[in-house]
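Okay, so here's the structure we're looking at.
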Amino acid sequence: MGHLENVALRTVKRKIRSLSGNKIPVIAGHKLLYTCNLRCKVCPFWRRIDPPLLSLDEETKMMDSLASIGVSFMGFEGGEPFLRKELLEILKLSHERFFTSLVSNGWMLANRIKEVREYVDYVFVSIDGVGEVHDRLRGVEGSFERAREGIAVASKEVPLSLSSTITSENTDQVERIVDFAREMDVSVSFQVVYDYSTAEKMFPSSAKLRGALFKLLDLKKSGAPIVESKEYFESVINSWYNGKGWKCKPWLVINIDPEGRVVLPCYALSEYTGSKRVWEIDLPRVWNSVDWEQYETCNKCALSCYLEPSLFSWDNFSMVKERIIDNMLSYIVE
Ligand code: SF4
Ligand code: SF4
24 MGHLENVALR TVKRKIRSLS GNKIPVIAGH KLLYTCNLRC KVCPFWRRID
74 PPLLSLDEET KMMDSLASIG VSFMGFEGGE PFLRKELLEI LKLSHERFFT
124 SLVSNGWMLA NRIKEVREYV DYVFVSIDGV GEVHDRLRGV EGSFERAREG
174 IAVASKEVPL SLSSTITSEN TDQVERIVDF AREMDVSVSF QVVYDYSTAE
224 KMFPSSAKLR GALFKLLDLK KSGAPIVESK EYFESVINSW YNGKGWKCKP
274 WLVINIDPEG RVVLPCYALS EYTGSKRVWE IDLPRVWNSV DWEQYETCNK
324 CALSCYLEPS LFSWDNFSMV KERIIDNMLS YIVE
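Residue numbers (our numbering): 24 to 357.
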């Protein structure tokens, strides 16, 4: 629970500092490596060669820099995080400072979860279809069964959600994926694919995507275990089909690449390539020297890690209940 006190204290400090008009990130994402054992069609990362990765000392400096400007949530991803040799030590360092989550393709989860469970607050497992559809999109036969096995074991150890990317090849699968989440007794997060320049282009047709978004919105309204708020789906529909955009606040999320460099302005526009190592710069000055206003009307991606925090409002009771009150209750009840 110690790290939760740190998180709460930092939230108060961040609120005070933001009163001066400074932009302060709340959530950090850190790619631990690019290497992956799967070959997902939409993914540009496994196609990259890993640069020299950070030492534990550098990981510590990076986390300290982020904590000092007010970051409270840290999400690790890759590549496949379980392929990073020092994963356990890195998670321990993070858990002392942040609410810590991990995204995994699930292949190694069943065997490795017990080793890390003490140091992760949340795990996301990528699932893009049920059975053969998942295997085809992930490029490796048997990946669905391995992920299913991992989910069954890990969901008994840590809070866990599926993470699903909507592409041209799975718009008809969204309801089956929700059913699979129910079957596994976990929730599921959805987002729409972003076409990176160095991966296969799999953005769905306008009509099929619209159908999938409305289906998910209906399922959400009827109580399906979907992580995103109904406002997430409404915002994407309103922006991409009705010409009414959402206000993106990419400054709420800071991403750090495997070399410890800050990704600016956001995950999608920079295609996750950083510029300067985070602990070697005056981070608040660099962060606040970006002209963030020009991105407010961007609406090019629907990455939920950006869109959801951008939508959050203390004036929206259902949002405050779902994101804050219910989450706090789950901690108290645990
Ligand atoms: S599992 Fe993740 S990192 Fe690996 S290839 Fe697929 S999307 Fe890329
Ligand atoms: S909407 Fe645009 S600025 Fe916002 S996160 Fe997506 S690509 Fe970046």
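Even for Gly, the Cβ is constructed at its ideal location relative to N, Cα and C.
Since the structure is predicted, the reported quantities are computational estimates derived from the model, not experimental observations.
Alpha-carbon spacing of residue i relative to residue j, whole angstroms
i, j, result
"Trp263", "Asp151", "22 Å"
"Arg159", "Lys64", "9 Å"
"Gly129", "Ser187", "13 Å"
"Thr194", "Pro74", "35 Å"
"Gly173", "Trp269", "36 Å"
"Ser228", "Ser191", "7 Å"
"Val163", "Ser312", "43 Å"
"Cys271", "Ile136", "35 Å"
"Ser298", "Gly246", "42 Å"
"Glu109", "Asp241", "42 Å"
"Leu86", "Ile304", "Sequence inspection shows Met at residue 86; the Leu mentioned does not correspond to that position. Met86 and Ile304: Cα-Cα distance of roughly 14 Å."
"Ile92", "Glu155", "44 Å"
"Lys253", "Arg140", "30 Å"
"Gly283", "Glu180", "30 Å"
"Cys59", "Arg71", "10 Å"
"Leu89", "Pro281", "15 Å"
"Leu111", "Glu119", "13 Å"
7 Å CB neighbourhood of residue i in its chain, flanking five on each side removed
i, result
"Glu82", "Ile113, Leu116"
"Val250", "Ser184, Ser210, Val211, Ser212"
"Val216", "Val65, Thr188, Ile189, Thr190, Met225, Phe226"
"Ala175", "Met207"
Whether residue i touches residue j by CB criterion (8 Å)
i, j, result
"Ser78", "Pro104", "no"
"Val259", "Ala170", "no"
"Ala235", "Val197", "yes"
"Pro67", "Thr296", "no"
"Phe122", "Asp144", "yes"
"Lys84", "Trp302", "yes"
"Tyr219", "Glu331", "no"
"Gln214", "Ser327", "yes"
"Tyr318", "Val276", "no"
"Leu232", "Ala177", "no"
"Gly102", "Ile50", "no"
Chain-order list of residues whose beta-carbon lies under 6 Å from that of residue i (same chain, five-residue window excluded)
i, result
"Arg107", "Leu55, Leu56"
"Asn261", "Lys267"
"Phe203", "Val153"
"Pro248", "Ala204, Ser210"
"Trp274", "Lys46, Trp315"
"Glu278", "One detail in the question is off: residue 278 reads as Asn in this sequence, not Glu. Counting only Cβ-Cβ distances below 6 Å, and skipping sequence neighbours, we find Gly52, Val286, Tyr290."
"Pro182", "Tyr145"
"Ser353", "The pLDDT assigned to Ser353 is 45, lower than 50, so where the model puts this residue is not dependable; a value taken from the coordinates is nonetheless given after this. Answer for Ser353: no residue qualifies."
"Glu294", "Tyr219"
"Ile355", "Any reading at Ile355 needs caution, since the residue's pLDDT is 37, under 50, leaving its predicted position unreliable; the model's value is listed next. Around Ile355: no qualifying Cβ."
"Pro307", "Ile92"
8 Å CB neighbourhood of residue i in its chain, flanking five on each side removed
i, result
"Glu100", "Gly52, His53, Lys54, Leu55, Leu125, Val126"
"Arg62", "Trp69, Arg161, Gly162, Val163"
"Lys244", "Lys253"
field: Completely contained beta strand (DSSP E) runs for the region 110-192, where each covers 3 or more residues
entry: 122-127, 145-149, 183-189
task: Identify every run of the alpha helix (DSSP H) within the region 232-265, keeping only runs that are complete inside it and at least 4 residues long; order them along the chain.
output: 253-265
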